[in-house]
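See structure below.
Structure (structure tokens):
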């Protein structure tokens, strides 16, 4: 599985969906989509709810056969925005995922700020700059912790996303993490 991280509004979903058009064997799973299907909250979270959501995502991912994991692009975050501020995804959570690589989707602060504003989210340049930096640092830390490759992919660069996934994914049937 490729963990695709980035701030809300950076264009993760757009980039992932474009990558799938290049390689139809890929499957996008979204952390927020999984949570919505389980009637879990996805915005305005307390730290406790953020933690409970991670457990729910792990339980969902645990039902996916190992053979399918290499084709998954997991649309998620390395840092969540909670009522108490930024909440880094614990390394104990990513230890339980079958992650073969981490790709951070990045874009200009101004582009992200505009997209976030359109969605009614915090959109000052200072907020977006800080959030993107924290997302990048945590994404790198996750990759280092798991000893998996890391890449920064420009928002919308589907060919780069596909190349990175193909370079890091395990062959089908190989033991998972």
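Numbering (our numbering), first residue to last: 145 to 321. Even glycine gets a Cβ: it sits at the ideal position worked out from N, Cα and C. None of the values given here were measured: they were computed from a predicted structure.
Query                                                                                                                                                                                 : Result
Under the assumption that residue 147 contacts residue 218 (Cβ atoms under 8 angstroms), give the Cβ distance between them as a whole number of angstroms.                            : 5 angstroms
Looking at the structure shown, is residue 297 part of a helix, part of a strand, or coil, going by DSSP?                                                                             : strand
Look at the Cβ atom of residue 239, then the Cβ atom of residue 312, and state whether they are nearer than 8 angstroms.                                                              : no
Consult DSSP for residue 274 and reduce its assignment to one of helix, strand or coil.                                                                                               : helix
Flag this pair as yes or no: are the beta carbons of residue 260 and residue 272 separated by less than 8 angstroms?                                                                  : yes
Rounded to the nearest angstrom, what separates residue 155 and residue 301 at their Cα positions?                                                                                    : 10 angstroms
Among the candidates 171, 149, 262 and 279, whose CA atom is the shortest distance from the CA of residue 208?                                                                        : 171
Let me check understanding here. Comparing Cα to Cα, which of 254, 306, 195 and 288 lies closest to residue 274?                                                                      : 254
Per DSSP, what are the beta-bridge partners of residue 229 in this structure?                                                                                                         : 226
Enumerate in chain order the residues of its own chain whose CB-to-CB distance from residue 322 is below 6 angstroms, with the five nearest sequence positions on each side excluded. : Not covered by the structure: residue 322. The range shown for the chain is 145 to 321.
With DSSP run on the structure shown, which of helix, strand or coil describes residue 246?                                                                                           : strand
Taking the C-alpha atoms as reference points, what is the distance between residue 214 and residue 309?                                                                               : 9 angstroms
Rounded to the nearest angstrom, what separates residue 173 and residue 205 at their Cα positions?                                                                                    : 9 angstroms
Starting from residue 148, follow the beta strand (DSSP E) in both directions and report where the run begins and ends.                                                               : 146-149
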